[in-house]
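Participant: One structure is given below, represented as structure tokens, and several questions about it will come after.
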Amino acid sequence: MGFTLLSNQRALFDIPSDIAYFNCAYMSPLLRCAVAAGLRGMQAKSQPWSITPSDFFSDGERIRAAAAAVFQARGDDVALVPSASYGLAIAARNLALTAGQEILVLAEQFPSNIYVWRELAARSGASIHTVPRPTDNNWTDAVLERIGPQTAIAALPHCHWTDGTLVDLEAIGPILRNHGATLVADLTQSLGALPFDCRVIKPDFAVAACYKWLLGPYSTGVLYVAPQHQDGAALEHNWMGRAGAQNFTRLVDYQDKFQHGARRFDVGETANFALLPALASALEQILTWGVVNIQETLRLMTGDIAERARGLGLQVSDPAYRSGHFLGLRFPAGLPDGLATRLAKQHVYVSVRGDSVRVTPHLYNTTDDIDRLFKHLGKEI
Ligand SMILES: Cc1ncc(COP(=O)(O)O)c(C=O)c1O
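What follows is the structure, given as structure tokens:
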């Protein structure tokens, strides 16, 4: 896939020069344009006579179109959800399981993509199989080895949230389909920074909370629903999900028919006037940059960081098994206590997840940020 390396984009964000923020996997900063759009939306509610019925739908459709371009799907395949867990609950509600079947997850997977499956397994007599963390970081082979006739659902990320190790969903998808199993993808730690193509991977459901790599506000998410599931059961029955909701004068002509595509799965009060304009402008900026360009630009940056980390004696996972936007650093003698807090005092922001220091940059990070990171990381060795 061809790509263009992107120049530094810090000017589009409100980040003081002495802040080295390597924590996009925790929460991305909002773009200046997203803040301005969100403020305009909030302001509009102070004068509600300016809000028209079509305003209830227009930003949602902008988001559907932009998210579809990120998912490589159609706008009709996208539902607007408030969180990853909400999207995963829709998937669980619409997938049938029988006793003895298995749901596949990864060791130390994010809890929003665990609890929902535990509940479904308990309800249906199915079981959960947790793929142990492979010593060589090759999750893909570890997952492939486990898929069999007992597999009903694989609930997987595209990369592991603790350290960015990759799960090759393109390789896993066809094997699942051969066994009649479904793929539910939690893309919260990848969508927007790691290319994902629904036409190739063919997930049944794929969800992403938008406040990380999609640069959106908190409490926003996008859910891809494959066409074969689009007549499924919604979690709630709100008026906007029904056919003809655009005509506010006829809402009590109750409708059995839903809006088309995945819209029936939208969260109630979909038209969040402050959050949706902010999310739409963030997604549109991501499309302007191009997801593959973001991934390759960040891969170069994490490659530099990995090399310097190795120079300090830290362990870094094999680049063949990690995504370009993510880096997990391990200390051979174990993680020093209080590391993240000490770094934060020096305006260096990373996360500690499990036994790894998670370093997750974006296009706002500069070489000065990287120097600052190593100046203070060096004192911890
Ligand atoms: C992999 C993954 N999924 C989901 C989430 C967020 O889940 P939710 O939107 O349910 O709060 C996170 C947050 O860190 C995450 O890392």
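So for the sequence shown, the numbering used here puts the first residue at 180; every next one is plus one.
Backbone N, C-alpha and C define an ideal beta-carbon position, used for all residues, glycine too.
All figures in this text were calculated on a predicted structure; none of them were measured in a lab.
Since residue 487 sits in a beta bridge, which residues does DSSP pair it with?
Facilitator: Looking at the DSSP assignment, residue 487 forms no beta bridge with any residue, so it has no partner.
Participant: How about residue 377 and residue 523: are their beta carbons less than 7 Å apart?
Facilitator: no
Participant: Select from 241, 265, 238 and 185 the residue whose C-alpha is nearest the C-alpha of residue 444.
Facilitator: 265
Participant: Please indicate yes or no: does the CB of residue 367 lie closer than 6 Å to some heavy atom of ligand 1?
Facilitator: yes
Participant: Would you say residue 185 and residue 542 are within 7 Å of each other, going by their C-beta atoms?
Facilitator: yes
Participant: Under three-state DSSP, which class holds residue 427?
Facilitator: helix
Participant: If you follow the beta strand (DSSP E) that residue 386 is part of, which residue opens it and which one closes it?
Facilitator: 384 to 388
Participant: In terms of alpha-carbon separation, which member of 242, 427, 400 and 509 lies closest to residue 365?
Facilitator: 400
Participant: If you run the structure through DSSP and keep just helix, strand and coil, what is residue 460?
Facilitator: helix
Participant: Could you tell me the boundaries of the beta strand (DSSP E) in which residue 309 lies?
Facilitator: Judged by DSSP secondary structure, residue 309 falls within the beta strand (DSSP E) whose first and last residues are 306 to 310.
Participant: Identify every run of the beta strand (DSSP E) within the region 204 to 267, keeping only runs that are complete inside it and at least 3 residues long; order them along the chain.
Facilitator: Taken in chain order, the complete beta strand (DSSP E) segments of 3 or more residues contained in the region 204 to 267 are 257 to 260.
Participant: On a CA-only basis, which of 382, 419 and 497 is nearest residue 270? Give me that one, please.
Facilitator: 382
Participant: Where does residue 540 land, buried or exposed, given buried means 16+ other C-beta within 10 angstroms?
Facilitator: buried
Participant: Is residue 439 buried or exposed, if buried means 16 or more other CB atoms sit within 10 Å of its CB?
Facilitator: exposed
Participant: Tell whether a beta-carbon distance below 7 Å holds between residue 392 and residue 334.
Facilitator: Taking a C-beta distance under 7 Å as the contact criterion, residue 392 and residue 334 do not qualify as a contact pair.
Participant: May I ask you to list the residues that DSSP assigns as paired with residue 283?
Facilitator: 308 and 333
Participant: Short check: CB of residue 452 to CB of residue 223, under 7 Å?
Facilitator: yes
Participant: Is the beta carbon of residue 267 sitting closer than 7 Å to the one on residue 303?
Facilitator: no
Participant: State whether the region 468 to 484 contacts the region 317 to 324, with contact taken as three or more CB pairs (one from each stretch) at a distance under 8 Å.
Facilitator: Counting Cβ pairs under 8 Å, fewer than three are found: no touch.
Participant: Got a sec: does ligand 1 put a non-hydrogen atom nearer than 6 Å to the Cβ of residue 340?
Facilitator: yes
Participant: For residue 201, is the beta carbon positioned less than 6 Å from some heavy atom of ligand 1?
Facilitator: no
Participant: Just verifying my parser: in three-state terms, what is the DSSP assignment at residue 539?
Facilitator: Under the three-state reduction of DSSP, residue 539 is assigned to strand.
Participant: Considering only the alpha carbon of each residue, which of 292, 379 and 490 lies closest to residue 510?
Facilitator: 490
Participant: What residues match up with residue 478 in a beta bridge as DSSP calls it?
Facilitator: Answer by DSSP bridge pairing: none, since residue 478 is not bridged.
Participant: Could you give the first and the last residue of the continuous beta strand (DSSP E) run that contains residue 274?
Facilitator: Where residue 274 is concerned, there is no enclosing beta strand (DSSP E), given that its DSSP letter is neither H nor E.
Participant: Can you tell me whether residue 459 is buried or exposed? The criterion is at least 16 other CB atoms within 10 Å of its CB, across all chains shown.
Facilitator: If you draw a 10 Å sphere on the C-beta of residue 459, you find 16 or more other C-beta atoms in it, and that means buried.
Participant: For residue 281, which residues from the same chain have a beta carbon less than 7 Å from its beta carbon, with the 5 sequence-adjacent residues on both sides left out?
Facilitator: 305, 306, 308, 329, 330 and 331
Participant: Can you name, in chain order, every residue of its own chain whose Cβ lies under 6 Å from the Cβ of residue 235, other than the five neighbours on each side?
Facilitator: 450
Participant: When you compare each of 196, 300 and 310 to residue 526 by their alpha carbons, which one comes out closest?
Facilitator: 196
Participant: Which residues bound the alpha helix (DSSP H) around residue 364?
Facilitator: Looking at the DSSP string, residue 364 is not in any alpha helix (DSSP H); the run it does join, the beta strand (DSSP E), is 361 to 365.
Participant: Cα-Cα, which of 349, 339 and 352 is closest to residue 368?
Facilitator: 339
Participant: Whose C-alpha, out of 414, 492, 496 and 442, is nearest the C-alpha of residue 406?
Facilitator: 442
Participant: Along the chain, where does the alpha helix (DSSP H) containing residue 303 start, and where does it finish?
Facilitator: 294 to 303
Participant: Quick one: Cα of residue 413 to Cα of residue 360, how far?
Facilitator: 22 Å
Participant: Alpha carbon to alpha carbon, what distance is there between residue 501 and residue 288?
Facilitator: 16 Å
Participant: Just to confirm before moving on: does the CB-CB distance between residue 394 and residue 457 stay below 7 Å?
Facilitator: no
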